[in-house]
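The opening residue of the sequence shown carries number 1 in the UniProt record's numbering; numbering runs sequentially from there.
In what follows, a structure is listed as structure tokens, so that the remarks can point back to it.
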Amino acid sequence: MKPVELELERTIPAPIDQVFARLVDIEGHNDWMAGTKSMLKHTRQTSPGEPAVGTTFVDETRQGSMPGEIAEMEAPHTIVFHWWETSKSGRLTFEGWPSYHLQPSRDGETLVRHRAKLVSYGVWRLGTPLWRRLAVRERTITIDALKASFERQSS
């Protein structure tokens, strides 16, 4: 089975620097993702310092803890996160790469292209059609929550 790949676009009513800052603030995700029906319950940065390539985090989800890291970052245009899940025996079961590609838009707005790639391993590959539906749902919740966080701020 092929990896699940998708892309969503939203225009965010805020300048690119502000959108980028909100995305790289890992623990700040707890604020703007609160109250959504996301799998994410809480996230925390696990390495010291300002977010940069290699910064690590842990997402607490309904399915358990998932470690991750910032895989790519080019301020203020690109951030790529990488997370993974392992079985109790330590085998890799899932990997994901949610990314955000930002472009300044009209009137101080920002066009966000949110891409995601999900790879499942072993027997978990059989569930790829289900994982696709779940990934689209989860990524849509996330990008819509990001947009709503700026809409609330500007009203």
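We put the CB at the ideal spot given by N, CA and C, even for glycine.
Judged by DSSP in its simplified three-state form, aspartate 25 adopts coil rather than helix or strand.
Pairing arginine 22 with lysine 147, the inter-Cα distance amounts to about 11 Å.
Residues of the same chain with a CB within less than 8 Å of the CB of glutamate 151, apart from the 5 flanking positions on each side, are Pro13 in chain order. Sequence-distant Cβ neighbours of asparagine 30 in its own chain, meaning closer than 7 Å and more than five residues away, are His42 and Thr43.
Excluding five sequence positions before and after leucine 111, the CB atoms of its chain that fall closer than 6 Å to its own CB belong to Thr11, Gln103 and Ser105, given in chain order. Where arginine 44 is concerned, the enclosing beta strand (DSSP E) starts and stops at 40-45. Apart from the 5 residues on each side of it in sequence, isoleucine 79 sits with its Cβ closer than 8 Å to the Cβ of Phe20, Leu23, Val24, Ile70, Glu72, Met73, Ser99 and Tyr100 in its chain, given in chain order. In this structure, the straight-line span from the alpha carbon of phenylalanine 57 to that of tryptophan 131 is close to 22 Å. The three-state reading of DSSP puts glutamate 50 in coil, since its state is none of H, G, I, E or B. About 5 Å separates the beta carbon of serine 38 from that of isoleucine 141, a gap short enough to meet the 8 Å contact definition.
The beta carbon of alanine 135 sits closer than 7 Å to those of Val4, Leu6, Ala116 and Leu118, all from its chain and outside the five residues before and after it, given in chain order.
Methionine 66 and glutamate 85 have their C-alpha atoms spaced approximately 6 Å apart. Excluding the 5 residues flanking it on each side, glutamate 9 has same chain C-beta neighbours closer than 8 Å at Leu111, Val112, Arg113 and His114, in chain order.
Nearest C-alpha to glycine 90 among Pro129, Tyr121, Arg133 and Ala52: Tyr121. Assignment of alanine 71 by DSSP, reduced to helix, strand and coil, places it in the strand class.
Nearest to alanine 75 by alpha-carbon distance, out of Arg62, Gly108, Ile16 and Arg133, is Ile16.
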